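In my numbering, the protein residues as written are 3 to 216.
The C-beta atom is built at its ideal place from N, Cα and C for all residues, glycine as well.
As the structure is a computational prediction, the values presented were derived from the model and not from experiment.
Okay, structure first, notes after.
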């Protein structure tokens, strides 16, 4: 089964307290992603979708402005309307933007990932070198200026109206290798992106002892 974009309705504001609940309709996807922008580096988030804990991107450092950006993913997410429940370590404002995809291997994990940041730029790209065949690469951008638009080889999904944006390469990468996705904005300002790839194929663990007995 091939990977395909499912849904990206736009961003939403956090409540300003320690908990935000927001409905998101996952039409047909089995991968749900959520990017969060927090107004300080000292606060961290945990997220559930449909009551199931989401996993944080493996790298969530503070961006160049002192804000914290975090991205979360859930494979095998429930379809239909379900709630994100975002819990912060301290009461704080911020914003978030979701997106979903179908065709992800249900036993998969992140295939590869990378992070890029700049103190002042109008274009920020990130390269992810995929491992499995037919992966898609997705990235969550934040900038200090406004809306992010896609560069070459990049398709915009959610968050067009603010400085948080999901984008992807909109294609299966075969054979595996380097994929670069790029966001642009104007005027120059800081930028930050967390990117990752997912495979349409389940992870299969081979038992070497089985073959040794053949």
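Exposed or buried, what is residue 53 when buried is set at 16 or more other beta-carbons lying within 10 Å of its beta-carbon? Residue numbering aside, residue 53 sits at position 51 when the chain shown is read from its first letter. It counts as exposed.
Between 45, 125, 102, 192, which has its C-alpha nearest residue 145's C-alpha? The residue labelled residue 145 in the question sits at position 143 within the chain shown. Considering only alpha carbons, the answer is 192.
Closest to residue 31 by C-alpha separation, out of 178, 7, 58, would be which residue? As a working note, residue 31 is residue 29 in the chain shown. Of the listed residues, the one whose Cα sits closest to residue 31 is 7.
Where does residue 113 fall in DSSP's three states? Translated into the one-based positions of the chain shown, residue 113 becomes position 111. Coil.
Sorted by chain position, which residues of the same chain lie with C-beta nearer than 6 Å to residue 100's C-beta, five sequence neighbours on each side aside? Residue mapping note: residue 100 aligns to position 98 of the chain shown, counting from 1. Closer than 6 Å at the Cβ level, and outside the excluded window around residue 100, lie 26, 36.
Have a look at 166, 47, 160 and flag the residue whose alpha-carbon is nearest the alpha-carbon of residue 9. The residue given as residue 9 occupies position 7 in the chain shown. It is 160 whose Cα lies nearest to the Cα of residue 9.
Got a sec? Which residues, its chain only, sit under 6 Å from residue 74 by beta carbon, not counting five neighbours each side? Start at 1 with the first residue of the chain shown, and residue 74 comes out as number 72. Closer than 6 Å at Cβ, skipping near neighbours: 36, 49, 56, 58.
Considering only C-alpha positions, which residue in the set 176, 130, 122 is nearest to residue 136? For the purposes of this step, residue 136 is taken as residue 134 along the chain shown, with counting starting at 1. The option with the nearest alpha carbon to residue 136 is 176.
Endpoints, beta strand (DSSP E) assigned at residue 71: The residue you call residue 71 lines up with position 69 of the chain shown. Residue 71 -> beta strand (DSSP E) spans 70-77.
Under the rule that 16 or more other beta-carbon atoms within 10 Å means buried, what is residue 108, buried or exposed? Here the question's residue 108 lines up with position 106 in the chain shown. Residue 108 should be labelled exposed.
Could you have a look at residue 130 and say whether DSSP puts it in helix, strand or coil? For this step, residue 130 is matched to residue 128 along the chain shown. It is a strand residue.
Would you identify the three-state DSSP class for residue 83, choosing helix, strand or coil? Reading the chain shown from its first residue, position 81 is the one you call residue 83. Correct three-state label for residue 83: strand.
DSSP beta-bridge partners for residue 100? By 1-based counting over the chain shown, the position of residue 100 is 98. Answer is 36, bridged to residue 100.
By the DSSP assignment, the beta strand (DSSP E) with residue 141 in it spans what residues? The sequence position of residue 141 within the chain shown is 139, counting from 1. First-last of the beta strand (DSSP E) with residue 141: 138-145.
Would you report the Cα separation of residue 199 and residue 85, rounded to the nearest angstrom? Your numbering for residue 199 matches position 197 in the chain shown. Your numbering for residue 85 matches position 83 in the chain shown. Taking the straight line joining both Cα atoms gives about 24 Å.
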